[in-house]
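Colleague:
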Amino acid sequence: MPQQKGKFSADILDLLINIPLFDSLVADELAVVVKSMNVVDAPKGETVFKEGERGDFVCFVADGILEVWKRSETGEPVVLSTLSKGRSMGEMSILDNFPRSATVRARTKATLVTLSRANFDDILEKNPRIGIKILKGLARLLSLNLRKTSSRLADYMLPVT
Amino acid sequence: MELGKTSILGLLEDVDFFKGFLDVEIEDLMEAAEWSRAATGERIITEGELDLYMYVLVQGSVKVVFNDKVVAVLQTGDTFGEFGLMGGRRTAHVVASSDCLLVRFNAEHLNLLPLPLQIKLLKKILFTLFARLQKVNRRVWWEMPTQWR
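Read top to bottom, the protein sequences are chains A and B.
Under my numbering, the first residue of the first sequence is numbered 6, with each subsequent residue one higher.
Under my numbering, the first residue of the second sequence is numbered 718, with each subsequent residue one higher.
What follows is the structure, encoded as structure tokens:
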């Protein structure tokens, strides 16, 4: 994917302000994070993540629509959801090289903002307070996901007798 | 509750959550920690409440009750209530299903720890949460009919 490093800093800042992961960061801190990010263009149809492959970056959608694909019980790939501006994927990859849980493909031409694990490690080392805020944001995000998924599971389960 | 340094390290040795921390880091963590006990049937976390604690189950087991349904049973070494640490309101009850020994951490106390230790602890919490999320996701994906997902 072609990268446009250093360009569009103001655009990235606008994007990050509205992303829950960075909720508790003030403008100066966001500026530090922006410097560690890359802008990547994905042409229509491009595979951004492949299910099972190990990743080392988190991805934020700046423009365009992405599709999340996963294999069903029968091995048939199905679209789980779509992602548009402000949504993120692969957040845990900034901590460890976890396998991607689904395949992500660009439904339209898309612009993505990425943060690599190496760059996040650099933030943790040089600006630990900023890194800690991001880690807490990530914990909030995971907790919310867990809560949403657990409640769906609870709705489906039979009451305890 | 008063516990000697040696007996604390001994108790925590078998608790997964504390694996990977150095003894000196455990000592720092214990400075920030509070110990508590819960008797069988006692409610440890109440749905709807707001508090800034996360819990590590050192001994015993608990059940997570959501809308009158047990959504999870947690055992020694498991953690719960992490969202409280982040300022989130409680959305489930947590009830002791046997006599429990617990270590709990308050968000404000953790903020006083050395920064590298805060980072290490947060990463540990994130790995724990992520493993739990993957487990729930797998259940949703494999056990629930498509229209429920």
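Built from N, CA and C at the ideal position, the CB exists for glycine as well.
1. Out of Phe-783/B, Ser-778/B, Tyr-770/B, point me to the one whose CA is closest to Gly-804/B's CA.
2. Going by the DSSP bridge assignment, what does Thr-119/A pair with across the sheet?
3. Quick one: grab the DSSP three-state call for His-810/B.
4. For a cutoff of 8 Å on Cβ pairs, would you count Asn-854/B as touching chain A?
5. Could you spell out where the alpha helix (DSSP H) holding Ser-753/B opens and where it closes?
6. Closer than 7 Å by beta-carbon distance: list the chain C residues that pair up with Ser-148/A, in chain order.
7. Answer with yes or no whether the minimum CB distance from Ala-107/A to chain B is below 8 Å.
8. Just to confirm my understanding: we take Glu-51/A, look at its own chain, exclude 5 residues before and 5 after, and list those with CB closer than 6 Å. What are they?
9. Just tell me which of Ile-725/B, Leu-746/B, Phe-735/B has its CA closest to the CA of Leu-832/B.
10. Within 10 Å of its beta-carbon, does Leu-20/A have 16 or more other beta-carbons around it, so buried, or fewer, so exposed?
11. State yes or no: is the beta carbon of Leu-850/B nearer than 8 Å to at least one beta carbon in chain A?
12. Which class does Leu-850/B belong to by DSSP, given the choice of helix, strand or coil?
13. Is it true that the CB of Leu-117/A sits closer than 8 Å to the CB of Val-63/A?
14. Can you tell me whether DSSP reads Trp-858/B as helix, strand or coil?
15. In chain order, what residues of the same chain lie with their CB nearer than 7 Å to the CB of Thr-166/A, ignoring the 5 residues before and after it?
16. Could you check whether the Cβ of Val-812/B sits closer than 8 Å to any Cβ belonging to chain A?
17. Less than 6 Å between C-beta atoms, sequence neighbours within five positions excluded: which residues of the same chain meet that for Ser-29/A?
18. Could you say which of Val-857/B, Leu-843/B, Val-782/B, Lys-837/B lies nearest to Leu-129/A if we only look at CA atoms?
19. Among Asp-68/A, Pro-133/A, Ile-24/A, which one has its Cα closest to the Cα of Val-44/A?
20. Taking the alpha-carbon positions, what's the Leu-827/B to Gln-835/B distance?
21. Can you list, in chain order, the residues of the segment 109-140 of chain A whose Cβ is nearer than 9 Å to any Cβ on chain B?
Modeller: Inspection of the coordinates gives the following:
1. Measuring C-alpha to C-alpha distances from Gly-804/B to each of Phe-783/B, Ser-778/B, Tyr-770/B identifies Tyr-770/B as the nearest.
2. By DSSP's assignment, Thr-119/A forms a beta bridge with Asn-43/A, Cys-64/A.
3. Three-state DSSP puts His-810/B in a strand.
4. True, the Cβ-Cβ gap to chain A drops below 8 Å.
5. Looking at the DSSP string, Ser-753/B is not in any alpha helix (DSSP H); the run it does join, the beta strand (DSSP E), is 750-755.
6. Absent here is chain C; the protein component of the structure consists of chains A and B.
7. No, Ala-107/A lies away from the interface with chain B (no Cβ there is under 8 Å from its Cβ).
8. Excluding residues within five positions, the ones whose Cβ falls inside 6 Å are Ala-111.
9. Comparing Cα-Cα distances from Leu-832/B to each of Ile-725/B, Leu-746/B, Phe-735/B, the minimum goes to Leu-746/B.
10. Leu-20/A should be labelled buried.
11. Yes, contact with chain A.
12. Here Leu-850/B sits in helix by DSSP.
13. The Cβ atoms of Val-63/A and Leu-117/A lie no closer than 8 Å to each other.
14. Here Trp-858/B carries a helix assignment [DSSP, helix/strand/coil].
15. Low local confidence applies: a pLDDT of 41 at Thr-166/A is under 50, so the model's placement there is unreliable, with the coordinate-based value given in what follows. Excluding sequence neighbours, Thr-166/A sits near nothing in its chain.
16. No, Val-812/B does not count as interfacial toward chain A.
17. Closer than 6 Å at the Cβ level, and outside the excluded window around Ser-29/A, lie Lys-138.
18. Per the C-alpha coordinates, the member of Val-857/B, Leu-843/B, Val-782/B, Lys-837/B positioned closest to Leu-129/A is Lys-837/B.
19. For Val-44/A, the closest alpha carbon among the candidates Asp-68/A, Pro-133/A, Ile-24/A is that of Asp-68/A.
20. A direct Cα-Cα distance of roughly 7 Å separates Leu-827/B from Gln-835/B.
21. Those would be Leu-129, Pro-133, Arg-134, Gly-136, Ile-137, Leu-140, in chain order.
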